[in-house]
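In my numbering, the protein residues as written are 336 to 766. Don't be surprised by glycine CBs; every beta carbon is placed ideally from N, CA and C. It should be emphasised that the depicted structure is a prediction, and the values quoted were computed from it without experimental measurement. One structure is given here, and the rest of the page talks about it.
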Ligand SMILES: *[C@@H]1O[C@H](CO)[C@@H](O)[C@H](O)[C@H]1NC(C)=O
Ligand SMILES: *[C@@H]1O[C@H](CO)[C@@H](O)[C@H](O)[C@H]1NC(C)=O
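Written out as structure tokens, the structure is:
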């Protein structure tokens, strides 16, 4: 039984939703070719990683291609434990009424994900702070578990004065979902992601008897007409894992399963979803930049989250070490198509390795362009770093045992170049 279903079973005995520990992936609904098995592969891949469900990003409710994709996903989920729920993209389509009409067609499907003591279908969102009265109207007339993202208006107040900024929503929502805190604020300088804002919103939510969902993402990089930006980045993914395991929010959403446009993805990017924006495939496609080498690391993280343990107690399912390395394909001094906030980037070789507690005397060695950049002692659980000094050429991260034997190695799949053309998407390599 998945934890959420366990929770639902528990909910029948009056226990609260906040023990759910369910783990979702944000899923961009694009056009999927119904003559392929792509919907089924996405769901099977996500189940294999350990996800409980997809938060389906709905940008165009009513579009026939969108309905086709949603139908394919529900059909593919049918017969599994995997849940699906809608995340209304209010920035792409602001009419809540349209979103909710569409939702009505699916809310009774057995795979529509439910939560809370009343076992209501979940609705989440990307944005919607300014729609308080519409949310209130709908919530008072329908049985839903509402966990919207409300950091789209006055982000400063959302994360620092939630009791003033959000108090009107306590009457309306069942929980709060934060999006922007998944990456550091862009200041043009290197920075680490922070959970200070999450802590404030989570205590506010819990004090009001609401749940809290945290976001986690490896990077954000976009290079489309009119949108060319970079959001860190290097050690963001493992740093956020550490923060989430410290805070133990009620839900977690991985951002995202398949957002090629923003270079954050863990699964496949299907080409047919990009026919209206083919330029995305030039910097994000899963033939040239596969990200699936992050999946075993995410599995270890999901297991730790569900077990309620901290990052230093993360383990690999196999009992061996697990991990990956990632790097940008060129130096950050690239000039052509240079994204905003590029100065925040570091020329680093990045890695995260989960080391078994029994592995005494292990070290992690990082090499770049044929030169060793660092050798550090490994500790039990999650080890990670953004090792500065990445050079042109091959990249390598090795885990060595106490006798100096290499027990795990992740090597670059393509060399770092001094190309002047920027692409801040990551190359991700596993053992
Ligand atoms: C799920 O699959 C079963 C078996 O193929 C089918 O009978 C049922 O109608 C499906 N349920 C939905 C909601 O599509
Ligand atoms: C980010 O965190 C790392 C430790 O993980 C630290 O070495 C580094 O100095 C931090 N960077 C900034 C800009 O604070």
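Option nearest residue i by Cα separation, candidates the options
{"i": "residue 596", "options": "627, 717, 554 and 480", "result": "554"}
{"i": "residue 503", "options": "480, 469 and 401", "result": "469"}
{"i": "residue 465", "options": "523, 486, 479 and 447", "result": "486"}
{"i": "residue 501", "options": "536, 643 and 447", "result": "536"}
{"i": "residue 549", "options": "522, 531 and 584", "result": "584"}
{"i": "residue 661", "options": "702, 737, 738 and 747", "result": "747"}
{"i": "residue 692", "options": "627, 404, 521 and 647", "result": "647"}
{"i": "residue 377", "options": "601, 712, 609 and 443", "result": "601"}
{"i": "residue 567", "options": "659, 721 and 505", "result": "721"}
{"i": "residue 459", "options": "435, 725 and 641", "result": "435"}
{"i": "residue 506", "options": "523, 540, 495 and 518", "result": "540"}
{"i": "residue 561", "options": "615, 764 and 644", "result": "615"}
{"i": "residue 713", "options": "727, 581, 686 and 383", "result": "686"}
{"i": "residue 477", "options": "617, 763 and 438", "result": "438"}
{"i": "residue 762", "options": "624, 701, 711 and 649", "result": "624"}
{"i": "residue 416", "options": "389, 424 and 399", "result": "389"}
Proximity test, residue i beta-carbon vs ligand 2 heavy atom, cut-off 7 Å
{"i": "residue 526", "result": "yes"}
{"i": "residue 764", "result": "no"}
{"i": "residue 570", "result": "yes"}
Proximity test, residue i beta-carbon vs ligand 1 heavy atom, cut-off 7 Å
{"i": "residue 500", "result": "no"}
{"i": "residue 456", "result": "no"}
{"i": "residue 625", "result": "no"}
{"i": "residue 388", "result": "no"}
{"i": "residue 414", "result": "yes"}
{"i": "residue 410", "result": "yes"}
{"i": "residue 445", "result": "yes"}
Contact check, residue i vs residue j, beta carbons under 8 Å
{"i": "residue 690", "j": "residue 732", "result": "no"}
{"i": "residue 735", "j": "residue 688", "result": "no"}
{"i": "residue 681", "j": "residue 385", "result": "no"}
{"i": "residue 545", "j": "residue 508", "result": "yes"}
{"i": "residue 677", "j": "residue 667", "result": "yes"}
{"i": "residue 420", "j": "residue 391", "result": "yes"}
{"i": "residue 484", "j": "residue 521", "result": "no"}
{"i": "residue 440", "j": "residue 395", "result": "no"}
{"i": "residue 656", "j": "residue 743", "result": "yes"}
{"i": "residue 374", "j": "residue 450", "result": "no"}
{"i": "residue 532", "j": "residue 552", "result": "no"}
{"i": "residue 367", "j": "residue 607", "result": "yes"}
{"i": "residue 446", "j": "residue 413", "result": "yes"}
{"i": "residue 558", "j": "residue 618", "result": "yes"}
Per DSSP, cross-strand counterpart(s) of residue i
{"i": "residue 484", "result": "512"}
{"i": "residue 456", "result": "449"}
{"i": "residue 579", "result": "Paired residues: none, contrary to the question."}
{"i": "residue 419", "result": "389 and 447"}
{"i": "residue 695", "result": "Paired residue(s): none; residue 695 is not in a bridge."}
{"i": "residue 520", "result": "Beta-bridge pairing links residue 520 to no other residue."}
{"i": "residue 607", "result": "According to DSSP, residue 607 bridges with nothing at all."}
{"i": "residue 599", "result": "594"}
{"i": "residue 762", "result": "662"}
{"i": "residue 712", "result": "698"}
{"i": "residue 657", "result": "689"}
{"i": "residue 776", "result": "Absent from the model: residue 776. The displayed extent of the chain is 336 to 766, so no value can be given."}
{"i": "residue 730", "result": "703"}
{"i": "residue 556", "result": "565"}
{"i": "residue 363", "result": "392"}
{"i": "residue 586", "result": "357 and 548"}
{"i": "residue 743", "result": "734"}
{"i": "residue 718", "result": "688"}
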